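One structure is given here, and the rest of the page talks about it.
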Amino acid sequence: MKTIMIDGSEGEGGGQIVRSSLALAAVTGVPVKLVNIRGGRKKPGLLRQHLAGVKAITAISHAETDGAELGSRCLTVSTKTLCGGEYTFEVGSAGSAILVAQTILPALLFADKESTVTIHGGTHAAWAPPYDFFARCYLPLLERMNARVEVSIESYGFYPAGGGKIVMRIQPSSSLNGLSLMERRGELQPRVRVLVAKIPGSVGERECHVIRRKTGWDENACEVSRISQSGGPGNVVMIECGFDNLAELVIGFGKVGVRAEHVARSVLREARAYLASDVPVGPFLADQLLLPMGLAADAGQSSEFRTSPLSQHSLTHIDILQRFLNIDIRCCENEDGSVSVCVG
Numbered sequence: 012m013k014t015i016m017i018d019g020s021e022g023e024g025g026g027q028i029v030r031s032s033l034a035l036a037a038v039t040g041v042p043v044k045l046v047n048i049r050g051g052r053k054k055p056g057l058l059r060q061h062l063a064g065v066k067a068i069t070a071i072s073h074a075e076t077d078g079a080e081l082g083s084r085c086l087t088v089s090t091k092t093l094c095g096g097e098y099t100f101e102v103g104s105a106g107s108a109i110l111v112a113q114t115i116l117p118a119l120l121f122a123d124k125e126s127t128v129t130i131h132g133g134t135h136a137a138w139a140p141p142y143d144f145f146a147r148c149y150l151p152l153l154e155r156m157n158a159r160v161e162v163s164i165e166s167y168g169f170y171p172a173g174g175g176k177i178v179m180r181i182q183p184s185s186s187l188n189g190l191s192l193m194e195r196r197g198e199l200q201p202r203v204r205v206l207v208a209k210i211p212g213s214v215g216e217r218e219c220h221v222i223r224r225k226t227g228w229d230e231n232a233c234e235v236s237r238i239s240q241s242g243g244p245g246n247v248v249m250i251e252c253g254f255d256n257l258a259e260l261v262i263g264f265g266k267v268g269v270r271a272e273h274v275a276r277s278v279l280r281e282a283r284a285y286l287a288s289d290v291p292v293g294p295f296l297a298d299q300l301l302l303p304m305g306l307a308a309d310a311g312q313s314s315e316f317r318t319s320p321l322s323q324h325s326l327t328h329i330d331i332l333q334r335f336l337n338i339d340i341r342c343c344e345n346e347d348g349s350v351s352v353c354v355g
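Going by the working numbering, the letters in the sequence shown line up with residues 12 to 355, in that order.
Quick look at the structure:
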């Protein structure tokens, strides 16, 4: 079988190229060779969390690899049989457990039996999808596509200490269905959740107060969660913009020297920008949906969604999908500036 060559410096030149290539190689069984890995970053090559993804794919697919080393800029992966079962993976420090979960999830949907996967690492960090996005925004849409996945969080991992733990249970699916997300349905159902770990709870109360005062949202829509199970201190502000057919989540992180009110206002600005755009699918969710929609399209099930102008991240993702799968992805700009993406 011919090996697919991927230049890791193309497009956004980051870790998404590695993760998507690994997932697609495992699902399709097509060997892949990545060169110039993370060539668009100041510190190129495989970092600890990328290497954790490589090791995870290797474990679930009995893959043969060359170049699976910290700092490696060239990696060859040849997968074999996808095997469900019980797995435990360590990302190390605050490396994202969610990114590793997203790397192996597509493959385990097509494994021979049920899987239970425990991943240790970061659960809430600025450069990766937080656990709440994965559990409340991404997985419900996958469920509508015929994926049966449950996830739970047993401990929280904040930057830089990490120490988080998630458990994911995956039932095999014979195929994925298509999905249409062209409009928001129903009224806005806001949900504010603030995490405070090993810092005064009053910080979270101040953040919630700012958001409630500026929005008029009901007190029941705001929750401060005092986290006892975490590897270190952390403060996270999340606003979930829920609708009948999907939810989008924006997030901000408290930092030493930054007032709680400033963090809350920053997250609220981002939430308002999403709501004002009138698109159902935000930029991060758009990027995450491309792979499962691509797999569904490869089996004859088309999907569509409307989003804001695509990031370089998403455009690079589309290019990789079309190298592995026999699909066509069309992006059309609408008069209002939004973009309609058709996968099929």
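Every residue, glycine too, gets a C-beta built ideally from N, C-alpha and C. Since we're looking at a predicted model, the values are computed, not measured.
DSSP, read as helix, strand or coil, puts N246 in strand. Counting along the chain, S186 sits inside no alpha helix (DSSP H), nor does DSSP assign it H or E at all. Exposure of E154 is indicated by the presence of fewer than 16 other C-beta atoms within 10 angstroms of its C-beta.
In the DSSP annotation of this structure, Y285 is not part of any beta strand (DSSP E); the continuous alpha helix (DSSP H) holding it starts and ends at A271 to S288.
Ranked by Cα distance from V248, the first of A258, L257, D255 and A208 is A208. For E97, the CB contacts under 6 Å within the same chain, skipping 5 residues up- and downstream, are T127 in chain order. Cβ neighbours of A282 within its own chain (closer than 7 Å, five residues either side excluded): I250, C252 and V261. In this chain, E216 is not harboured by any beta strand (DSSP E); it is covered by the alpha helix (DSSP H) spanning G212 to T226. Taking A137 as reference, the option from I115, G173 and L150 with the minimal CA-CA separation is G173.
Along the length of the segment 70-120, whole alpha helix (DSSP H) runs at least 4 residues long occupy 108-119, reported in chain order. For M304, the enclosing alpha helix (DSSP H) begins and ends at P294 to D309. Spatial neighbours of D298 in its own chain (CB-CB distance under 8 Å, excluding positions within 5 residues in sequence) are listed in chain order as Q27, S322, H324, S325 and H328. Rounded to the nearest whole angstrom, the CA to CA distance from Q312 to P171 is 41 Å. Boundaries of the beta strand (DSSP E) around R202: Q200 to A208. Within the same chain, N47, G50 and G51 come within 7 Å of S20 by CB-CB distance, once the 5 residues on both sides are set aside. Sequence-distant Cβ neighbours of S31 in its own chain, meaning closer than 8 Å and more than five residues away, are L302, H328, I331 and L332. A direct Cα-to-Cα measurement between K54 and H61 gives close to 13 Å. When rounded, the separation of the alpha-carbon atoms in K124 and G82 is 34 Å. Three or more Cβ pairs drawn from the segment 211-225 and the segment 274-288 lie within less than 8 Å of each other, which places the two stretches in contact. If you draw a straight line from the Cα of G95 to the Cα of L119, it comes to about 6 Å.
Bounds of the alpha helix (DSSP H) holding G26 are G26 to T39.
For V65, DSSP records no beta bridge to any residue.
The beta carbons of F169 and A105 sit closer together than 8 Å. For F335, the enclosing alpha helix (DSSP H) has its first and last residue at Q323 to F335. Taking 8 Å as the cut-off, the Cβ atoms of L116 and A310 do not count as close. DSSP lists L192 and V352 as the bridge partner or partners of F316. Note on S72: 16 or more other CB atoms within 10 angstroms of its CB, so buried under the neighbour-count rule. Note that the C-beta distance between E101 and H131 is below 8 Å. In this structure, the CA atom of I181 is about 12 Å from the CA atom of N157. Around the CB of V29, 16 or more other CB atoms lie within 10 Å, so the residue is classed as buried. Counting along the chain, the unbroken alpha helix (DSSP H) around L150 starts and ends at L150 to R155.
Cβ neighbours of M179 within its own chain (closer than 6 Å, five residues either side excluded): A112, V128 and V162. A straight line joining the alpha-carbon of S288 with that of G40 spans about 39 Å. Under the three-state reduction of DSSP, F254 is assigned to coil, being neither helix nor strand.
Between T76 and T87, the CB-CB gap stays under 8 Å. For M16, the enclosing beta strand (DSSP E) starts and ends at I15 to D18.
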